[in-house]
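Heads up, the thing below is written out as structure tokens.
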Amino acid sequence: MPNMDYELFYQQGISCYCWGLPKPYVRLALRAVCKRYAQRFGPVAFWQFRAFAYGLRGLNYAGQRERFVQGD
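Start counting the sequence shown at 613; every next residue gets the next number (this note's numbering).
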């Protein structure tokens, strides 16, 4: 069974990557996922930040993900 805590942070990071969000919005997304997690489950662990960063790099089991929006 997958670790859903990891998936939550990874999916938030991969969404930021796929939509090509600028850094201020990525920070807002990270703060939001941390706040939601902390309210329900308690403190956020370092490995959860790493899961977000891994998703933000755009990597998955098949390699590099495509972005939904192409850069200028």
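Just so you know, even glycine gets a beta-carbon here, dropped at the ideal spot from N, CA and C. None of the values given here were measured: they were computed from a predicted structure.
Extent of the continuous alpha helix (DSSP H) run through residue i
i: Pro-636; result: 635-653
i: Gly-667; result: 658-668
i: Phe-680; result: Segment: none, Phe-680 is in no alpha helix (DSSP H) and carries neither H nor E.
8 Å Cβ shell around residue i - same chain, five flanking residues per side excluded
i: Trp-631; result: Arg-679, Phe-680, Val-681
Close Cβ partners of residue i (< 6 Å) along its chain, the five nearest in sequence each way excluded
i: Ala-663; result: Tyr-618, Phe-621, Tyr-622
Backbone CA spacing between residue i and residue j [nearest angstrom]
i: Gly-635; j: Tyr-673; result: The amino acid at residue 635 is misidentified as Gly; the sequence shows Lys. Their backbone Cα atoms lie some 25 Å apart in a straight line.
i: Ala-665; j: Gly-625; result: 6 Å
i: Gln-651; j: Phe-658; result: 17 Å
i: Ser-627; j: Gly-667; result: 8 Å
i: Ala-641; j: Gly-675; result: 23 Å
i: Tyr-629; j: Leu-671; result: 9 Å
Sequence-distant residues of its chain with Cβ nearer than 7 Å to residue i (five each side left out)
i: Met-613; result: Since pLDDT at Met-613 reaches only 49, below the 50 mark, its modelled position is unreliable, and no value is offered.
Residue(s) in a DSSP beta bridge with residue i
i: Asn-672; result: Gly-675
CB contact below 8 Å: residue i versus chain D
i: Tyr-618; result: Given the protein chain composition of this structure (a single chain), no chain D is represented.
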